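For the record, in the sequence shown the residue sitting at position 386 is 385 according to numbering that gives the first Met the number 0, with numbers rising by one throughout.
Only one structure is covered here, and it is reproduced in the block below.
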Amino acid sequence: MLISRQSYSYEMLRSELTWVVGDDNVQTDCSEKLAHSIDYYWVPEVWHDRGLKPQTPTFIVHPGSAEEVAEILKIANTHKIPVTPWGGGSGSQGGALPMYGGICLDTKRLNKVLEIDPVSLTVTAEAGIIMQHLEWEVQKAGFSTMHFPASIACATLGGFIAHRGTGVLSTRYGKIEDMIMSMEVVTPTGEIINTLPVPRHASGPDLAQVFLGSEGTLGVVTKATMKIHPLPAVRKFHAYLFSDLHSGMVAGEKLMARRLAPSVIRLYDHASTISIIKRVLGIERKGAYLVFGFDGEEDIVDLQMKKAVAICEETAVEDLGTEGGQTWWDQRYKFYYPPYTFQMPQAFGTLDTVATFANIENVYWSMKDAVKEHCPEANYIGHFSHWYDWGCMLYARFIIEKPPQDAAVAVALYNRIWDAAIRAAIKNGGVINEHHGVGLKLGRIMRDLYGPAFNVLEGIKKTLDPNNIMNPGKMGFQGV
Ligand SMILES: Cc1cc2nc3c(=O)[nH]c(=O)nc-3n(C[C@H](O)[C@H](O)[C@H](O)COP(=O)(O)OP(=O)(O)OC[C@H]3O[C@@H](n4cnc5c(N)ncnc54)[C@H](O)[C@@H]3O)c2cc1C
Numbered sequence: 000m001l002i003s004r005q006s007y008s009y010e011m012l013r014s015e016l017t018w019v020v021g022d023d024n025v026q027t028d029c030s031e032k033l034a035h036s037i038d039y040y041w042v043p044e045v046w047h048d049r050g051l052k053p054q055t056p057t058f059i060v061h062p063g064s065a066e067e068v069a070e071i072l073k074i075a076n077t078h079k080i081p082v083t084p085w086g087g088g089s090g091s092q093g094g095a096l097p098m099y100g101g102i103c104l105d106t107k108r109l110n111k112v113l114e115i116d117p118v119s120l121t122v123t124a125e126a127g128i129i130m131q132h133l134e135w136e137v138q139k140a141g142f143s144t145m146h147f148p149a150s151i152a153c154a155t156l157g158g159f160i161a162h163r164g165t166g167v168l169s170t171r172y173g174k175i176e177d178m179i180m181s182m183e184v185v186t187p188t189g190e191i192i193n194t195l196p197v198p199r200h201a202s203g204p205d206l207a208q209v210f211l212g213s214e215g216t217l218g219v220v221t222k223a224t225m226k227i228h229p230l231p232a233v234r235k236f237h238a239y240l241f242s243d244l245h246s247g248m249v250a251g252e253k254l255m256a257r258r259l260a261p262s263v264i265r266l267y268d269h270a271s272t273i274s275i276i277k278r279v280l281g282i283e284r285k286g287a288y289l290v291f292g293f294d295g296e297e298d299i300v301d302l303q304m305k306k307a308v309a310i311c312e313e314t315a316v317e318d319l320g321t322e323g324g325q326t327w328w329d330q331r332y333k334f335y336y337p338p339y340t341f342q343m344p345q346a347f348g349t350l351d352t353v354a355t356f357a358n359i360e361n362v363y364w365s366m367k368d369a370v371k372e373h374c375p376e377a378n379y380i381g382h383f384s385h386w387y388d389w390g391c392m393l394y395a396r397f398i399i400e401k402p403p404q405d406a407a408v409a410v411a412l413y414n415r416i417w418d419a420a421i422r423a424a425i426k427n428g429g430v431i432n433e434h435h436g437v438g439l440k441l442g443r444i445m446r447d448l449y450g451p452a453f454n455v456l457e458g459i460k461k462t463l464d465p466n467n468i469m470n471p472g473k474m475g476f477q478g479v
């Protein structure tokens with residue numbers, strides 16, 4: 000339902016929302032609407048860049064409690080108005096874009112740390128808190144969440160839960176879905192529910208996992224309890240140069256297969272070693288740069304490091320030492336911000352994919368071929384981060400220096416490259432994706448990715464959200 004500003008339905012709805020959250024917490028001015036019409040998805044960025052009119056929300060509403068969220072969702076159900084949760088607006092998939100106008104539910108007033116439990120090692124916080132603020136509070140008490148994504152300063156706890164986010168130290172501490180103990184969620188019809196207080200049990204399926212990764216389509220996460228960890232006594236890094244991607248990959252696989260429990264491994268392909276590693280770290284080499292690290296008690300870390308170094312010494316062409324690793328850790332977020340990241344007028348897409356070790360190199364090469372076939376002038380670079388016992392994530396990117404000026408032509412080219420690359424990845428055993436989510440960008444592939452199992456997801460959506468008010472048109476679910 001599109002609501003025009005002059006209509007009485009607009010004023011009726013505005014007064015109902017104002018009764019719930021107060022006048023100051025319902026915004027309708029043009030600048031706020033524009034600010035809530037763009038995240039880090041390239042398509043709305045190009046739209047803004049070319050001066051075209053973006054889709055904006057009708058109301059931006061800032062609830063201060065789960066009860067207020069529940070009231071807003073009840074109002075939205077009565078009037079059948081779409082509601083799009085908004086955390087930091089840092090998502091790269093267009094997940095928070097208000098496709099059909101309606102209510103943008105900005106969670107940032109839900110920003111309190113409620114409890115740190117030093118016995119069970121958990122922290123409970125409201126879901127709109129910026130992750131860096133949560134980490135600072137936890138560190139004051141001598142602990143860490145160990146969740147260090149590059150967007151830590153601009154994304155919320157709820158946003159990471161919604162997108163199954165991953166931090167730099169995921170190889171040891173897991174993704175957000177491994178870090179969460181329990182959650183409070185407001186369902187689309189306005190019930191406030193809690194998942195079970197511990198994440199391991201045999202009391203039926205794990206309800207928390209239904210909401211983890213649901214991208215605001217199944218409800219609003221209002222509170223979460225996370226695991227925390229003692230601050231490590233030491234954190235050590237080491238880097239090596241390999242002659243090519245394959246030999247670096249084999250070394251990384253061995254580090255995982257020996258179950259050495261590194262906190263991080265990152266392997267950069269030749270294209271990123273000669274470009275981004277040189278520019279950000281000042282290390283000018285040809286080949287494949289590999290960095291790894293361990294943290295914890297010093298004697299244990301030293302032993303882990305000794306064994307990891309021995310593995311790399313077998314095939315590496317150069318030892319870049321602890322300094323070559325430490326500098327990566329010190330600069331780790333820089334890769335993703337100006338002047339080092341890609342930005343307008345370039346077109347760029349992060350082809351984030353996860354696969355087993357048996358498939359991951361084929362995924363890398365097949366996506367590269369697909370990108371080149373559909374856009375020979377595109378550059379393709381990649382690195383491998385977030386390693387598991389069984390495989391790892393490929394963070395590949397295509398970059399077009401001068402995309403077409405006409406936004407519609409540019410978007411069509413962009414989508415063509417994405418489609419070709421994704422289908423190449425899936426054909427080679429890849430799963431799109433590891434931590435950026437689906438959003439608007441990848442909704443069209445969900446049915447292909449899941450096959451008949453997608454009907455199960457649609458069934459859950461229809462049951463929880465009978466009026467399809469929650470973030471319609473995202474994650475491959477039906478639009479309005
Ligand atoms: C520079 C940069 C670096 C990045 N690095 C990383 C990284 O290292 N690791 C990583 O995982 N991601 C990274 N990202 C991507 C992004 O930060 C994550 O996707 C993050 O999870 C988005 O959080 P947000 O609060 O900004 O959510 P938004 O962009 O506001 O929303 C994302 C989705 O979550 C939904 N949502 C938000 N809050 C809630 C809630 N409380 N309940 C239900 N649904 C909700 C929205 O409706 C939307 O669908 C990066 C992004 C940028 C711009």
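Glycine is no exception: its CB is placed at the ideal position from the N, C-alpha and C atoms.
Being a predicted model, the structure only gives us computed values, none of them experimental.
For ligand 1, is there any heavy atom lying closer than 7 angstroms to the beta carbon of Tyr39? Residue mapping note: residue 39 aligns to position 40 of the sequence shown, counting from 1. Because some heavy atom of ligand 1 lies under 7 angstroms away, the Cβ of Tyr39 counts as near it: yes.
Look up Asn193 in the DSSP assignment and give the residues it is bridged to. The residue you call residue 193 lines up with position 194 of the sequence shown. Glu183, per the DSSP bridge assignment.
Per DSSP, which one or two residues make a beta bridge with Ile102? By 1-based counting over the sequence shown, the position of residue 102 is 103. Phe58 and Val82.
Taking the Cβ atom as the reference point for each residue, do Asp105 and Val60 lie within a distance shorter than 8 angstroms? As a first step, residue 105 must be located in the sequence shown, where it is residue number 106. As a first step, residue 60 must be located in the sequence shown, where it is residue number 61. Contact: yes.
Simplified DSSP assignment, three categories, for Leu217: Residue mapping note: residue 217 aligns to position 218 of the sequence shown, counting from 1. Leu217: coil per DSSP, three-state reduction.
What do you reckon, is the C-beta of Trp328 under 7 angstroms from a heavy atom of ligand 2? Ligand 2 is absent from the structure shown, which contains only ligand 1.
Determine the contact status of Leu133 and Asp38, defining contact as a CB-CB distance below 8 angstroms. The residue you call residue 133 lines up with position 134 of the sequence shown. The residue you call residue 38 lines up with position 39 of the sequence shown. Taking 8 angstroms as the cut-off, the Cβ atoms of Leu133 and Asp38 do not count as close.
So the candidates are Ile71, Leu195, Asn414 and Val316; which of them puts its Cα closest to the Cα of Leu439? The residue labelled residue 439 in the question sits at position 440 within the sequence shown. Of Ile71, Leu195, Asn414 and Val316, the residue nearest in Cα terms is Asn414.
Decide yes or no for the touch test of the segment 252 to 260 against the segment 205 to 222: beta carbon pairs closer than 8 angstroms, at least 3 of them. Contact between the segment 252 to 260 and the segment 205 to 222 is absent, because fewer than three Cβ pairs lie under 8 angstroms.
Going straight from the alpha carbon of His200 to that of Met180, what length do you get? Position 201 of the sequence shown holds residue 200. Position 181 of the sequence shown holds residue 180. Looking at the two C-alpha atoms, the distance is approximately 11 angstroms.
Out of curiosity, what's the CA-to-CA distance linking Glu360 and His385? Looking up residue 360 in the sequence shown gives position 361. Looking up residue 385 in the sequence shown gives position 386. Straight-line Cα distance between these residues: approximately 15 angstroms.
Glu31 beta carbon near ligand 1 (any heavy atom closer than 7 angstroms): Position 32 of the sequence shown holds residue 31. Glu31 Cβ: outside cutoff for every heavy atom of ligand 1.
Is the segment 228 to 242 in contact with the segment 311 to 329, if contact means three or more CB pairs nearer than 8 angstroms? Taking 8 angstroms as the limit for Cβ pairs, the verdict is that the segment 311 to 329 does touch the segment 228 to 242.
Which residue's Cα is closest to the Cα of Leu12: Gly101, Ala65 and Ser64? Stepping through the sequence shown from its first residue, residue 12 is reached at position 13. Ranking the options by Cα distance to Leu12, first place goes to Gly101.
Measure the Cβ-Cβ separation of Leu244 and Asp268 and say whether it is below 8 angstroms. The count along the sequence shown starts at 1 and reaches residue 244 at position 245. The count along the sequence shown starts at 1 and reaches residue 268 at position 269. Contact: yes.
Asn480: beta carbon under 7 angstroms from a heavy atom of ligand 1? Only positions 0 to 479 of the chain appear in this structure, which leaves residue 480 out of reach.
Within 7 angstroms: the Cβ of Val219 and any heavy atom of ligand 1? Translated into positions along the sequence shown, residue 219 becomes position 220. Checking every heavy atom of ligand 1 against the Cβ of Val219, one is found closer than 7 angstroms.
Are the CB atoms of Gly94 and Pro43 within a distance shorter than 8 angstroms? Your numbering for residue 43 matches position 44 in the sequence shown. Your numbering for residue 94 matches position 95 in the sequence shown. Their beta carbons are not under 8 angstroms apart, which means Pro43 does not touch Gly94 by this criterion.
Any idea what DSSP makes of Asn378, helix, strand or coil? Translated into the one-based positions of the sequence shown, residue 378 becomes position 379. Asn378: strand per DSSP, three-state reduction.
Opening and closing residue of the beta strand (DSSP E) in which Tyr267 lies: If you number the sequence shown from 1, residue 267 lands on position 268. Per DSSP, the continuous beta strand (DSSP E) segment holding Tyr267 begins and ends at Val263 to Tyr267.
Could you tell me if Lys79 is buried or exposed, where buried requires 16 or more neighbouring beta carbons within 10 angstroms of its beta carbon? Locating residue 79 in the sequence shown gives position 80, counting from the first residue. By the Cβ neighbour-count rule, Lys79 is exposed, with fewer than 16 other Cβ atoms within 10 Å of its own.
For Met343, which residues from the same chain have a beta carbon less than 6 angstroms from its beta carbon, with the 5 sequence-adjacent residues on both sides left out? Walking along the sequence shown from the start, residue 343 turns up at place 344. The answer, listed in chain order, is Asp48.
Is there at least one non-hydrogen atom of ligand 1 closer than 7 angstroms to the beta-carbon of Lys461? The count along the sequence shown starts at 1 and reaches residue 461 at position 462. Not so, every heavy atom of ligand 1 lies at least 7 angstroms from the Cβ.
Residues near Leu16 by beta carbon distance below 8 angstroms, same chain, minus five either side: Residue numbering aside, residue 16 sits at position 17 when the sequence shown is read from its first letter. These residues qualify, in order along the chain: Val25, Phe58, Val60, Ile71, Ile74 and Ile102.
Examine the Cβ distances between the segment 370 to 384 and the segment 463 to 472 and report whether three or more of them are shorter than 8 angstroms. Here the segment 370 to 384 makes no contact with the segment 463 to 472; the two share fewer than three CB pairs at distances below 8 angstroms.
For Lys32, the first and last residue of its enclosing alpha helix (DSSP H): As a position in the sequence shown, residue 32 is number 33, starting the count at 1. Note, Lys32: alpha helix (DSSP H), Cys29 to Ala34.
Could you compute how far the alpha carbon of Ala126 sits from the alpha carbon of Ala69? On the sequence shown, residue 126 is found 127 positions in, with the first residue counted as 1. On the sequence shown, residue 69 is found 70 positions in, with the first residue counted as 1. Linking Ala126 to Ala69 through their CA atoms gives a straight-line distance of about 15 angstroms.
Tell me whether Val118 is buried or exposed, calling it buried when 16 or more other Cβ atoms sit within 10 Å of its Cβ. Counted from its first residue, the sequence shown places residue 118 at position 119. Label assigned to Val118: exposed.
Any chance the CB of Tyr99 is under 7 angstroms from a heavy atom of ligand 1? By one-based count along the sequence shown, residue 99 stands at place 100. It does not: the Cβ of Tyr99 is nowhere closer than 7 angstroms to a heavy atom of ligand 1.
Which of helix, strand or coil does DSSP assign to Arg396? Residue mapping note: residue 396 aligns to position 397 of the sequence shown, counting from 1. Of the three classes helix, strand and coil, the one that applies to Arg396 here is strand, per DSSP.
Ligand 1 heavy atom lying under 7 angstroms from the CB of Pro148: If you number the sequence shown from 1, residue 148 lands on position 149. Pro148: yes, Cβ under 7 angstroms from ligand 1.
Cβ distance (whole Å) where Asn358 is taken to contact Asn427 below 8 angstroms: Within the sequence shown, numbered from 1, the residue matching residue 358 stands at position 359. Within the sequence shown, numbered from 1, the residue matching residue 427 stands at position 428. Contact holds; Cβ gap of about 6 angstroms.
Examine ligand 1 and report whether any of its heavy atoms sits within less than 7 angstroms of the Cβ of Glu322. The residue given as residue 322 occupies position 323 in the sequence shown. Checking the Cβ of Glu322 against ligand 1 gives no.
Do Gly442 and Met474 count as a contact pair if the criterion is CB distance below 8 angstroms? The residue labelled residue 474 in the question sits at position 475 within the sequence shown. The residue labelled residue 442 in the question sits at position 443 within the sequence shown. Yes. Within cutoff.
Is Thr165 near ligand 1, in the sense that its beta carbon is under 7 angstroms from a heavy atom of that ligand? As a first step, residue 165 must be located in the sequence shown, where it is residue number 166. Ligand 1 approaches Thr165 closely enough that one of its heavy atoms is under 7 angstroms from the residue's Cβ.
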